[in-house]
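Notes follow once the structure below has been shown.
Protein chains in written order, with the working numbering: chain A, 1 to 115; chain B, 116 to 226.
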């Protein structure tokens, strides 16, 4: 079974702190994603990595950066956390097929609260 | 701009009812449409649809795609309380096929 592991399930941080959210997948997937999920807004894509060291901005990249130095690990960084970044963060991975139609496999989520 | 719109946004039914959840899309270079179910934690995959008119079925859940009218429906028959969840629809968009999600449909099934 594919496993996508997010290192922190619950975090509480203060405004201005630097926050690292880590995600590791064990199935050699090329693509990895970071979404945030807020009530009434659904899943919104923050950043997408289509291969090692390759990244693409999603719909809401402001205030976030990412790092993908190894294929299995995709990190989301909040350089200076703000209260409007309080949210559920979901990491996902995907094995690409020729038509790029493959399903995403999700981690359990990291619930971040910024005070 | 690529769009995925789900309706209704929330729904309350009683056990045994049949429900139909809608997902419409406007994307360039359509390849597939995916349905996910999300209970308390991570979304879990239900169906992927690529061809019009071919129903995918899994137990009481079924889904079909209409590429001419640009929508998909997810049907759940004989609903149970365990069907209570958020149902998400997503479509690959852009050159690298990032997945764009709709806002989700919150289904509540009352005993």
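The beta carbon of each residue, even a glycine, is placed where N, CA and C say it ideally should be.
Because the structure is a prediction, the values reported are computed rather than measured.
For a test of the three-state rule: what should DSSP assign to residue i, helix, strand or coil?
i	result
residue 51(A)	strand
residue 197(B)	helix
residue 144(B)	coil
residue 5(A)	strand
residue 211(B)	coil
residue 159(B)	strand
residue 83(A)	helix
residue 220(B)	strand
residue 124(B)	coil
residue 133(B)	coil
residue 166(B)	coil
residue 64(A)	coil
residue 42(A)	strand
Of the residues the options, which one's Cα is nearest the Cα of residue i?
i	options	result
residue 134(B)	162(B), 161(B), 118(B) and 125(B)	125(B)
residue 4(A)	106(A), 56(A), 22(A) and 37(A)	106(A)
residue 70(A)	24(A), 8(A) and 19(A)	24(A)
residue 187(B)	165(B), 159(B), 198(B) and 195(B)	165(B)
residue 209(B)	146(B), 127(B) and 131(B)	146(B)
residue 206(B)	122(B), 116(B), 149(B) and 121(B)	149(B)
residue 174(B)	180(B), 190(B) and 168(B)	190(B)
residue 62(A)	39(A), 9(A), 45(A) and 75(A)	45(A)
residue 116(B)	136(B), 123(B), 180(B) and 143(B)	143(B)
For the beta strand (DSSP E) containing residue i, list its first residue and its last residue.
i	result
residue 10(A)	10-13
residue 190(B)	186-191
residue 88(A)	87-94
residue 154(B)	Segment: none, residue 154(B) is in no beta strand (DSSP E) and carries neither H nor E.
With residue i and residue j assumed to form a contact (beta carbons below 8 Å), what rounded beta-carbon distance in angstroms separates them?
i	j	result
residue 219(B)	residue 42(A)	5 Å
residue 35(A)	residue 78(A)	Not confirmed; about 15 Å, so no contact.
residue 52(A)	residue 82(A)	Their Cβ separation, rounded to whole angstroms, is 30 Å, which puts residue 52(A) and residue 82(A) out of contact at 8 Å.
residue 224(B)	residue 192(B)	Not quite, the Cβ-Cβ distance comes to about 12 Å (not below 8 Å), so this is no contact.
Can you pull the chain A residues whose beta carbon is under 7 Å from the beta carbon of residue i, in chain order?
i	result
residue 246(B)	No statement about residue 246(B) is possible, as the shown extent of chain B runs from 116 to 226 and does not include it.
Residue i touches chain B at which residues, Cβ-Cβ below 7 Å?
i	result
residue 50(A)	211
residue 11(A)	None at all; the shortest Cβ gap to chain B is about 16 Å.
residue 103(A)	149, 160 and 163
Using a C-beta to C-beta distance shorter than 9 Å, which residues of chain B count as neighbours of residue i?
i	result
residue 118(A)	In the structure displayed, chain A extends from 1 to 115; residue 118(A) sits before or after that span and is not available.
Give the interface partners of residue i over in chain B, defined as CB-CB distance under 8 Å, in chain order.
i	result
residue 76(A)	By Cβ distance, chain B contributes nothing, its closest Cβ being about 15 Å from residue 76(A), past 8 Å.
Determine whether the Cβ of residue i lies closer than 8 Å to any Cβ atom of chain E.
i	result
residue 17(A)	Here chain E cannot be found, since the structure's protein chains are A and B.
For a contact meaning CB atoms closer than 8 Å, what does residue i contact in chain A?
i	result
residue 203(B)	42 and 43
residue 219(B)	42 and 43
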